[in-house]
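Just so we're aligned, residue -7 is where the sequence shown starts under our numbering, counting upward by one. Note that beta-carbon positions come from the ideal geometry of N, C-alpha and C, so glycine has one too. Input: a single structure, listed below in structure tokens.
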Amino acid sequence: MSVLTIKGVSIGEGMPKIIVPLMGKTEKQILNEAEAVKLLNPDIVEWRVDVFEKAKDRDAVKKMISKLRKSLTDKLFLFTFRTHKEGGSMEMDESSYIALLETAVQTKDIDLIDIELFSGDENVKALVSLAEENNVYVVMSNHDFEKTPAKDEILSRLRKMQNLGAHIPKMAVMPKDTGDLLTLLDATYTMKTEYADRPIITMSMAETGLISRLSGEVFGSACTFGAGEEASAPGQIPVSELRNVLEILHKNIRK
-7 MSVLTIKGVS
3 IGEGMPKIIV
13 PLMGKTEKQI
23 LNEAEAVKLL
33 NPDIVEWRVD
43 VFEKAKDRDA
53 VKKMISKLRK
63 SLTDKLFLFT
73 FRTHKEGGSM
83 EMDESSYIAL
93 LETAVQTKDI
103 DLIDIELFSG
113 DENVKALVSL
123 AEENNVYVVM
133 SNHDFEKTPA
143 KDEILSRLRK
153 MQNLGAHIPK
163 MAVMPKDTGD
173 LLTLLDATYT
183 MKTEYADRPI
193 ITMSMAETGL
203 ISRLSGEVFG
213 SACTFGAGEE
223 ASAPGQIPVS
233 ELRNVLEILH
243 KNIRK
């Protein structure tokens, strides 16, 4: 698994990189939250655009991107509109979703963009190409809030993301029991050791899956999400607690 370095942040080596989401609804809330999150010193700040009250107004989104870019300065900036079918806060039809992502990429003010795997292969390929033209890296994602697919299916989806040009494939699943957590961890390790030629992100959600958010350095997940002022998914813990555990593991893992 190779390392991806963006603006001095090396993703795929050492401690998993910490991503903190911005979950405000209004411009004022988002900008205030950005200032607070910067104090937590995350590696990547994710703007969850589906929570933004003006997410369907592309001009408003462009203006918000510009303001966040000025606020975040040296922080990596990940743009994410999570669709409703994958756990997001707002309904948006596919063509509007694609157009929104195109708009975000073309601002050149974001470092990474989340593209959902199941947005149509041709749409995904076109977005990846556009992102690369604008020096934006792609986190390609899939979220299953109902269950944990079988190991082979998790691997199939991660490998498809890789084949479609994702710079960082990402998979999040919901466990029903500890066995499901083990399935996700097993799939992560197999992907890392047998198939991945780039960093990957995986997680098992909710309380049962918490260990997957902490053990990425062991099993192969290159990033993990910590809660800032508000969690964006079940199972996220505060950044300070998350970093403390990551540092303990990093210090004591035998290389």
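Just to confirm, is the Cβ distance from residue i to residue j under 8 Å?
i, j, result
"residue 48", "residue -6", "no"
"residue 119", "residue 92", "no"
"residue 161", "residue 173", "no"
"residue 40", "residue 74", "yes"
"residue 27", "residue 220", "no"
"residue 218", "residue 12", "yes"
"residue 107", "residue 70", "no"
"residue 43", "residue 81", "yes"
"residue 175", "residue 143", "yes"
"residue 152", "residue 104", "no"
"residue 263", "residue 10", "Because the chain spans -7 through 247 in this model, residue 263 falls outside it and cannot be assessed."
"residue 156", "residue 187", "no"
"residue 23", "residue 46", "no"
"residue 111", "residue 86", "yes"
"residue 206", "residue 231", "no"
"residue 170", "residue 140", "no"
"residue 90", "residue 127", "no"
Within the same chain, show all residues whose beta-carbon is closer than 6 Å to that of residue i, passing over the 5 residues directly before and after it, in chain order.
i, result
"residue 191", "-4, 3, 4, 160 and 214"
"residue 211", "177, 180 and 181"
"residue 137", "79 and 166"
Buried or exposed for residue i, going by 16 or more other Cβ atoms inside 10 Å?
i, result
"residue 239", "exposed"
"residue 0", "exposed"
"residue 135", "buried"
"residue 66", "exposed"
"residue 101", "buried"
"residue 31", "exposed"
"residue 117", "exposed"
"residue 6", "exposed"
Going by DSSP, what residue range makes up the beta strand (DSSP E) through residue i?
i, result
"residue 213", "Counting along the chain, residue 213 falls outside any beta strand (DSSP E), and DSSP gives it neither H nor E."
"residue 40", "36 to 40"
"residue 9", "9 to 14"
"residue 1", "1 to 3"
If you follow the alpha helix (DSSP H) that residue i is in, where does it begin and where does it stop?
i, result
"residue 156", "No alpha helix (DSSP H) holds residue 156; DSSP gives it neither H nor E."
"residue 72", "Segment 68 to 72 is the beta strand (DSSP E) holding residue 72; no alpha helix (DSSP H) there."
"residue 180", "170 to 182"
"residue 127", "From DSSP, residue 127 is part of no alpha helix (DSSP H); its letter is neither H nor E."
"residue 61", "50 to 64"
"residue 22", "19 to 30"
"residue 203", "202 to 206"
I'd like to confirm the pairing. Which residues does DSSP put opposite residue i in its beta bridges?
i, result
"residue 76", "Note: residue 76 sits in no beta bridge, so no partner."
"residue 293", "Given that the chain is displayed from residue -7 to residue 247, the structure contains no residue 293 and the question cannot be resolved."
"residue 196", "165"
"residue -2", "1"
"residue 230", "219"
"residue 82", "75"
Can you list, in chain order, the residues of its chain whose CB lies under 8 Å from that of residue i, leaving out five sequence neighbours each side?
i, result
"residue 129", "-4, -2, 103, 104, 105, 123, 159 and 160"
"residue 245", "209 and 210"
"residue 29", "12, 14, 37, 220 and 221"
"residue 184", "-7, 192, 211 and 212"
"residue 84", "42, 47, 48, 73, 75, 76 and 92"
Excluding the five sequence neighbours on either side, which residues of its own chain have a C-beta within less than 7 Å of the C-beta of residue i, listed in chain order?
i, result
"residue 243", "none"
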